[in-house]
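What follows is a short report on a single structure.
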Amino acid sequence: MAESIEQKLRKKGWSEKDIQEALRIIKAGQKKKRPGVKLVDKIVYWAALFVAIIGNMVISLTLVPFLIALEGYSLYSIIAVLGLSFGFFFDLLIRDIEKLQTKHYIIAGLFIPGIAVVNVLYMTLVANQWINLLGIKTSLHNPVLIIILYVVAFMLPYFINKVVRKI
32 MAESIEQKLR
42 KKGWSEKDIQ
52 EALRIIKAGQ
62 KKKRPGVKLV
72 DKIVYWAALF
82 VAIIGNMVIS
92 LTLVPFLIAL
102 EGYSLYSIIA
112 VLGLSFGFFF
122 DLLIRDIEKL
132 QTKHYIIAGL
142 FIPGIAVVNV
152 LYMTLVANQW
162 INLLGIKTSL
172 HNPVLIIILY
182 VVAFMLPYFI
192 NKVVRKI
């Protein structure tokens, strides 16, 4: 969850009076925000989520040929790189959307990884069926292992970002 502005200012050594004045100015600015700007903020948030969902599907589809042709470390490396790449993209996307409310972080933080899990599970099962149908000598893949690897790689940029911000 995002650290509040008040907490950030306290960490920087601001006085209570200055913090309250800064918060008052920010709240006044939010109240003066025109309805059109508020609408654009919502559209940007939902468009970013839509892009993230589509990106997840594309990555899942990209994974199928690799799942069919590869196994072992080469496959796991590709899954990790795809997960890290999309994780960095998703973290950047969510972090750069100005003034997300807590509910938006929760929606994005649970919804997108949840979709990623379902997509990767489905694509792993599809790849396993193709391996059987085509009689390819590649061994069948454990969907749980593939999901864990992808989700850990996907979430790693978020945790790295949190650690770097604290330093």
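So the mapping is simple: my numbering equals the position in the sequence shown, first residue as 1, plus 31.
Glycine included, every Cβ here is placed at the ideal spot set by N, Cα and C.
Point to revise | Backbone secondary structure at arginine 196 - three-state DSSP | key: For arginine 196, the three-state secondary structure derived from DSSP is helix.
Exercise for review: Taking arginine 41 as part of the alpha helix (DSSP H), name the residues at either end of that continuous run.
Suggested key: If you look at arginine 41, you'll find it in the alpha helix (DSSP H) that goes 36-42.
**Study point:** First through last residue of the alpha helix (DSSP H) which encompasses arginine 55
**Key:** Counting along the chain, arginine 55 sits inside the alpha helix (DSSP H) bounded by residues 47-63.
**Study point:** Segment contact flag, the stretch 61-73 with the stretch 119-127, C-beta cutoff 8 angstroms, min 3 pairs
**Key:** At 8 angstroms Cβ cutoff, the stretches do not touch.
Check your understanding: Where does glycine 166 fall in DSSP's three states?
Key -> DSSP places glycine 166 in the coil class of the three-state scheme, outside both helix and strand.
Review point. Within 10 angstroms of its Cβ, does asparagine 150 collect 16 or more other Cβ (buried), or is it exposed?
Key: For asparagine 150, the number of other beta carbons within 10 angstroms of its own is at least 16, and it is reported as buried.
Point to revise | For asparagine 87, three-class secondary structure by DSSP | key: DSSP places asparagine 87 in helix when its eight states are reduced to three.
**Study point:** Backbone CA spacing between methionine 32 and isoleucine 167 [nearest angstrom]
**Key:** Legend: pLDDT at methionine 32 = 40, less than 50; position of this residue unreliable, value from coordinates given subsequently. Going from the Cα of methionine 32 to the Cα of isoleucine 167 covers about 45 angstroms.
Review point. Would leucine 92 be called buried (16 or more neighbouring beta carbons within 10 Å of its own) or exposed?
Key: Of the residues assessed, leucine 92 falls on the exposed side of the cut-off, its CB having fewer than 16 other CB atoms within 10 angstroms.
Check your understanding: So which of Glu37, Asn192, Ser35 has the shortest CA-CA distance to leucine 115?
Key -> Out of Glu37, Asn192, Ser35, Asn192 has the C-alpha closest to the C-alpha of leucine 115.
Point to revise | Reduced DSSP category for alanine 184 - H, G, I as helix; E, B as strand; rest coil | key: Secondary structure at alanine 184: helix, using DSSP grouped into helix, strand and coil.
Practice item. Between the Cα of isoleucine 146 and those of Val195, Val82, Asp49, Asn163, spot the shortest distance and give me the residue it belongs to. Key: It is Val82.
Check your understanding: Distance, Cα to Cα, serine 35 vs glycine 44?
Key -> About 15 angstroms.
Review point. When we look at the beta-carbon of phenylalanine 117 and count the other beta-carbons within 10 Å, is it buried (16 or more) or exposed?
Key: Phenylalanine 117 is classed as buried because its beta carbon has at least 16 other beta carbons within 10 Å across all chains shown.
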